[in-house]
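Peer 1: Here you go, one structure.
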Amino acid sequence: MTERTVAVLAGGLSHERDVSLRSGRRVSAALREAGLGVEEWDADASLVTRLLKHRPDAVIVALHGGAGEDGAVQSVLEMLDVPFVGADPRGCRRAWDKPTAKGELARAGLATPDWIALPHATFRDLGAQAVLDALVHHLGLPLILKPDQGGSALGAQVVRDPTELPAAMVGCLAYADTVLAERYVEGVEVAVTVLEGGDGPRALPAVEIEPESGVYDYAARYTAGLTTFHAPARLDGAAAAAVGELAVAAHRLLGLRDVSRTDAVVTEAGVAHFLEVNVAPGLTETSLLPMALEADGTDLGSAFGALVERAVTRCGR
Amino acid sequence: MNRGQPAIQGYQAGRSRERSRDPHLHRYAQRAAGMTASEIRALFAVASRPEVVSLAGGMPYLPALPMDSLADDMASLVAQDGMTALQYGSAQGIPELREQICEVMALEGVCAHPDDVTVTVGSQSALDLVTRIFCDPGDVVLAEAPSYVGALGSFTAYQAQVVHVPMDDGGLVPDALHDALRRLAEQGRTPKFLYTIPNFHNPAGVTLTVSRRSEVLEICAAHGVLVIEDNPYGLLGFDGQTYPALRASDPDNVVYLGSFSKTFAPGLRVGWALAPHAVREKLVLAAESATLCPPTFTQAVVSRYLAGHDWKSQVKTYQEAYRDRRDAMISALEQQLPSGCRWTRPDGGFFVWLSVPAGLDTKAMLPRAVTQRVAYVPGTAFYADQAGSRQIRLSFCYPPPDRIKEGVRRLAGVLEGELELLATFGSVSPRTVAGPQSPSPDTA
Chain R
1 MTERTVAVLA GGLSHERDVS LRSGRRVSAA LREAGLGVEE WDADASLVTR LLKHRPDAVI
61 VALHGGAGED GAVQSVLEML DVPFVGADPR GCRRAWDKPT AKGELARAGL ATPDWIALPH
121 ATFRDLGAQA VLDALVHHLG LPLILKPDQG GSALGAQVVR DPTELPAAMV GCLAYADTVL
181 AERYVEGVEV AVTVLEGGDG PRALPAVEIE PESGVYDYAA RYTAGLTTFH APARLDGAAA
241 AAVGELAVAA HRLLGLRDVS RTDAVVTEAG VAHFLEVNVA PGLTETSLLP MALEADGTDL
301 GSAFGALVER AVTRCGR
Chain C
318 MNRGQPAIQG YQAGRSRERS RDPHLHRYAQ RAAGMTASEI RALFAVASRP EVVSLAGGMP
378 YLPALPMDSL ADDMASLVAQ DGMTALQYGS AQGIPELREQ ICEVMALEGV CAHPDDVTVT
438 VGSQSALDLV TRIFCDPGDV VLAEAPSYVG ALGSFTAYQA QVVHVPMDDG GLVPDALHDA
498 LRRLAEQGRT PKFLYTIPNF HNPAGVTLTV SRRSEVLEIC AAHGVLVIED NPYGLLGFDG
558 QTYPALRASD PDNVVYLGSF SKTFAPGLRV GWALAPHAVR EKLVLAAESA TLCPPTFTQA
618 VVSRYLAGHD WKSQVKTYQE AYRDRRDAMI SALEQQLPSG CRWTRPDGGF FVWLSVPAGL
678 DTKAMLPRAV TQRVAYVPGT AFYADQAGSR QIRLSFCYPP PDRIKEGVRR LAGVLEGELE
738 LLATFGSVSP RTVAGPQSPS PDTA
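The listed protein sequences derive, respectively, from chains R and C. Under this note's numbering, the letters of the first sequence match residues 1 to 317, in that order. Under this note's numbering, the letters of the second sequence match residues 318 to 761, in that order.
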């Protein structure tokens with residue numbers, strides 16, 4: 001393999017800038033260790049000029065939230081004819097919008113908790129209390145509110161009592177204009193990384209998430225020690241296979257590419273429910289994807305080194 | 318989210334590797350328990366981008382400094398005195414600088430002997446040392462409501478309990494101080510000290526009136542409570558006005574903390590504590606164990622600067638820069654903010670304290686503000702008791718006036734959006750967000 005030069009894009013202007021910078025540093029170090037030449041760039045006003053000037057062999061988009069996951073940066077990379085790791089802009093957009101992704105999976109007959117997505121305007125125009133009452137009647141309690149787009153659990157909140165709903169709505173709407181309200185399914189929460197190789201998409205061992213506080217919120221995600229992870233997840237063979245199949249199905253149905261991470265919950269009966277899928281999964285010290293790789297017997301440098309080769313080959317370089 | 322106890326059929330324990338991602342977890346002291354990641358703090362990562370108008374951090378306006386001449390000073394310092402400037406020094410700080418510090422404090426009426434000055438790594442370190450020598454876990458300390466976030470951080474680190482005392486436009490309210498002490502006395506408790514920022518308060522922007530100064534000192538003396546006077550902004554009155562330091566009236570019961578971070582440059586990390594001599598003995602010993610000695614090099618830089626530059630003229634330059642910025646912010650607030658907002662009008666320092674209409678939660682709306690490319694610090698950061706959800710600290714020290722105006726315009730839009738949400742969902746109780754809620758010091 002000739003030495004590849006890779007540009008890792010990290011930072012950006014989303015609410016997840018901090019996490020993205022950590023992801024970028026981590027994957028850059030891993031790739032350097034694997035022998036690749038790596039540049040770390042922010043997604044700012046100098047990006048297009050840099051891409052045109054330096055023409056890296058491939059780009060890794062480690063931008064979380066906003067332009068890095070909604071397909072915008074990928075569209076720019078396509079326009080500039082720069083190879084990049086990960087889903088194309090169409091796939092990104094389908095995955096980014098959680099109601100869209102859930103709809104695609106539900107249509108294909110896969111399990112995903114019942115949901116309703118509503119913009120702020122609907123509550124304003126139709127009367128918040130009436131709509132909230134209908135929401136609780138339809139989905140039951142507990143339910144979980146999430147911004148319809150975005151990650152890192154920012155703005156997400158479990159609601160167990162109707163009186164908590166207005167505050168949770170306001171907290172959620174601070175991050176997006178539309179709220180995704182979802183029935184809260186009890187079970188084991190897992191994250192399944194899907195990696196593409198020569199044989200197509202393959203699910204890595206699921207990682208089980210056991211937050212100390214009971215809630216896998218921002219602090220639990222990014223403070224080492226606040227969550228215990230089990231890799232592989234402590235599922236029986238059938239449940240482990242089911243959740244792996246679900247993640248691969250999500251990857252295929254949404255037209256994703258190279259790598260994705262599906263978050264799911266496995267019920268007592270062993271049914272795997274799709275929650276959401278990430279096209280630019282976290283790569284920090286406490287992130288799930290690196291744990292899945294380790295459980296699979298590989299590491300970040302080898303896995304992303306191979307994805308870089310795929311991206312370069314795909315573009316006929 | 319945790320979705321209940323694992324109850325999968327055929328659930329297999331034992332074959333899986335358990336990872337906490339922190340193998341040292343069981344070793345941490347209790348005081349580290351609150352040191353967690355925070356979504357609010359993470360948002361400040363965006364504030365450092367040029368697209369965002371940051372009204373959050375308290376970074377001094379360093380472009381006002383004569384950089385070329387400072388560079389020459391430092392070069393000659395190394396060339397002429399490198400052997401001492403780059404060597405270890407005394408834990409108490411270099412004698413020449415301690416003498417100069419006494420001259421600086423004299424501008425606010427303090428008559429002090431250099432032997433009673435301990436130079437520290439910024440006044441934050443002095444605050445840490447003071448808390449270290451006075452506070453056991455569970456001890457009570459009094460602080461204004463609101464109070465400096467860095468002080469609250471030190472008190473929390475030493476597991477002290479903070480009791481807030483209300484302020485108004487004239488600073489700390491003596492009657493409220495008296496009431497707080499009486500309530501504590503009824504519980505059989507005496508605070509270890511009162512922590513106060515009398516001049517151009519961070520975050521409140523107000524100044525303790527001259528008449529209240531003696532009242533505060535008398536109340537504290539009567540109750541046997543030490544006073545920690547933190548005065549980083551005292552020389553930054555916009556009209557050059559200064560106020561008599563509390564320490565000037567009561568040398569035996571006040572520990573005075575000073576800093577060159579605002580009058581010169583924060584990167585040098587040179588501050589000091591002036592303390593009654595017995596306290597000073599303890600401070601020096603505590604400083605020795607914490608840092609061995611304050612940085613000799615930057616002490617020498619400050620000493621040369623004070624001796625060789627017209628530093629008072631530099632302070633005047635700072636005053637003028639900050640006055641222009643304060644004016645820009647106040648006029649933008651008057652023109653842009655929706656009705657129901659109130660704010661302080663500082664005569665010095667870096668900060669305006671803004672109160673928003675009832676029902677809004679400034680912490681919950683920070684993500685929307687960052688989306689609109691403006692950042693501020695939510696009021697809750699300045700309280701130890703979850704108060705402050707209707708308040709915001711706005712800093713005007715760093716951005717130029719036109720950026721301040723643009724930032725306030727964006728903030729006004731955010732507040733309008735929040736008022737619309739409030740109209741839709743009604744008043745909501747503030748959400749609890751764990752972890753630090755203020756920016757790191759390098760966030761502009």
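Think of the CB as a built atom: it goes at the ideal place given N, C-alpha and C, for glycine as much as any other residue. Keep in mind that this is a model prediction, so the values were computed, not measured.
Could you have a look at F577(C) and say whether DSSP puts it in helix, strand or coil?
Peer 2: Coil at F577(C), not helix or strand.
Peer 1: Can you list, in chain order, the residues of its chain with a C-beta nearer than 6 Å to that of Y560(C)? Leave out the 5 residues immediately preceding and following it.
Peer 2: Excluding sequence neighbours, Y560(C) sits near N516.
Peer 1: Under the three-state reduction of DSSP, which class applies to Q417(C): helix, strand or coil?
Peer 2: It is helical.
Peer 1: Between D18(R) and chain C, is the shortest Cβ-Cβ distance under 9 Å, so that the two count as touching?
Peer 2: By this cut-off, D18(R) is an interface position.
Peer 1: By the three-class DSSP mapping on this structure, what secondary structure does R261(R) have?
Peer 2: Looking at R261(R) - three-state DSSP - the assignment turns out to be strand.
Peer 1: Where D547(C) and E503(C) are concerned, what is the direct C-alpha to C-alpha distance, given to the nearest angstrom?
Peer 2: Their backbone Cα atoms lie some 28 Å apart in a straight line.
Peer 1: What three-state label does DSSP hand L378(C) in the structure shown?
Peer 2: Reading the sequence as shown, one finds Tyr at residue 378(C) and not Leu. Note: Y378(C) maps to coil in three-state DSSP.
Peer 1: Any beta carbon of chain C sitting closer than 9 Å to that of M1(R)?
Peer 2: Below a pLDDT of 50, predicted positions are generally treated as unreliable, and M1(R), at 48, falls in that range; the measurement from the model is reported next regardless. Taking Cβ atoms only, chain C never reaches closer than 9 Å to M1(R), which makes this a no.
Peer 1: Kindly indicate which three-state DSSP category F304(R) falls into: helix, strand or coil?
Peer 2: It is helical.
Peer 1: Would you tell me roughly how many angstroms separate the C-alpha atoms of A10(R) and V248(R), rounded to the nearest one?
Peer 2: Cα to Cα, the separation comes out at about 26 Å.
Peer 1: Kindly list the residues whose CB is nearer than 6 Å to the CB of Q329(C), restricted to its own chain and excluding five residues on each side of it in sequence; keep chain order.
Peer 2: The predicted model places Q329(C) with a pLDDT of 49, which falls under 50 and marks its position as unreliable; any figure quoted below should be read in that light. If we look at Q329(C) and ignore the five residues flanking it on each side, it has no Cβ neighbours.
Peer 1: What does S355(C) reach in chain R if we use C-beta pairs closer than 8 Å?
Peer 2: Within 8 Å Cβ-Cβ: Y218 and A219.
Peer 1: Name the two residues that bound the continuous beta strand (DSSP E) containing P454(C).
Peer 2: It is not in any beta strand (DSSP E) - P454(C) carries neither H nor E in the DSSP assignment.
Peer 1: Would you tell me roughly how many angstroms separate the C-alpha atoms of G331(C) and H230(R), rounded to the nearest one?
Peer 2: In this prediction, G331(C) has a pLDDT of 47, which is less than 50 and means its spatial position is unreliable; what the coordinates show is noted afterwards. Going from the Cα of G331(C) to the Cα of H230(R) covers about 10 Å.
Peer 1: Among R564(C), G522(C), P549(C) and L552(C), whose alpha-carbon lies nearest the alpha-carbon of E535(C)?
Peer 2: Comparing Cα positions, the closest option is R564(C).
Peer 1: Residues of chain C with CB closer than 7 Å to the CB of T223(R), please, in chain order.
Peer 2: By Cβ distance, chain C contributes T353 and A354.
Peer 1: For L591(C) and R710(C), I'd like the C-alpha separation in whole angstroms.
Peer 2: Spanning the two alpha carbons is a distance of roughly 29 Å.
Peer 1: Need the endpoints of the beta strand (DSSP E) that D547(C) sits in, please.
Peer 2: Per DSSP, D547(C) belongs to the beta strand (DSSP E) from L543 to D547.
Peer 1: For a contact defined as C-beta to C-beta under 8 Å, what are the partners of A174(R) on chain C?
Peer 2: Per Cβ cutoff of 8 Å: A681, M682, L683, P684 and R685.
Peer 1: Taking only beta-carbon positions, decide if P756(C) is within less than 9 Å of chain R.
Peer 2: No, P756(C) does not count as interfacial toward chain R.
Peer 1: Between which two residues does the alpha helix (DSSP H) containing A354(C) stretch?
Peer 2: From DSSP, A354(C) is part of no alpha helix (DSSP H); its letter is neither H nor E.
Peer 1: For M352(C), which option in R621(C), A686(C), S440(C) and S471(C) has the closest C-alpha, if you only look at C-alpha atoms?
Peer 2: Comparing Cα-Cα distances from M352(C) to each of R621(C), A686(C), S440(C) and S471(C), the minimum goes to S471(C).
Peer 1: On a Cα-Cα basis, can you pick out the residue from A493(C), T580(C) and P431(C) that is closest to H481(C)?
Peer 2: The shortest C-alpha separation from H481(C) is found at A493(C).
Peer 1: Check each residue of the segment 358-380 of chain C: if its Cβ is closer than 7 Å to any Cβ of chain R, include it; give the result in chain order.
Peer 2: Within the segment 358-380 of chain C, the qualifying residues are A359, L360, A362, V363, R366 and E368.
Peer 1: By the criterion of Cβ-Cβ separation under 7 Å, what are the contact partners of A128(R) in chain C?
Peer 2: Neighbours of A128(R) on chain C, chain order: T741 and F742.
Peer 1: Nearest CA to the CA of G625(C): which residue from Q409(C), I411(C), G406(C) and Q417(C)?
Peer 2: The shortest C-alpha separation from G625(C) is found at Q417(C).
Peer 1: Note the first and the last residue of the continuous beta strand (DSSP E) segment covering G197(R).
Peer 2: Counting along the chain, the beta strand (DSSP E) containing G197(R) begins and ends at V188 to G197.
Peer 1: Please report the straight-line C-alpha distance between L553(C) and L165(R), rounded to a whole angstrom.
Peer 2: When rounded, the distance between both Cα atoms is 46 Å.
Peer 1: Let me confirm a value: N319(C) is counted as buried when at least 16 other C-beta atoms fall within 10 Å, else exposed. Which label applies?
Peer 2: Any reading at N319(C) must be qualified, since the residue scores a pLDDT of 46, below 50, and its modelled position is unreliable; no value is offered.
Peer 1: Check Q347(C) in the structure and name its three-state DSSP category.
Peer 2: Reduced to three states, the DSSP call for Q347(C) is helix.
Peer 1: Mapping DSSP to helix, strand and coil, what is Q322(C)?
Peer 2: Residue placement at Q322(C) is flagged as unreliable, the pLDDT there being 46, under the threshold of 50; the coordinate-derived value follows with that caveat. Three-state DSSP puts Q322(C) in coil, outside helix and strand.
Peer 1: Closer than 7 Å by C-beta to L654(C): which residues in its own chain qualify, once you throw out the five before and the five after it? Chain order, please.
Peer 2: Excluding residues within five positions, the ones whose Cβ falls inside 7 Å are A729 and L732.
Peer 1: Anything in chain R within Cβ reach of L574(C), meaning under 8 Å, just list it in chain order.
Peer 2: Per Cβ cutoff of 8 Å: no residues; L574(C) is ~31 Å from chain R at best.
Peer 1: So which residues of chain R does L342(C) contact, with C-beta pairs closer than 7 Å?
Peer 2: Those are G225, listed as they occur along chain R.
Peer 1: Please report how far the alpha carbon of R25(R) lies from the alpha carbon of A7(R), in whole angstroms.
Peer 2: So the two alpha carbons sit approximately 12 Å from each other.
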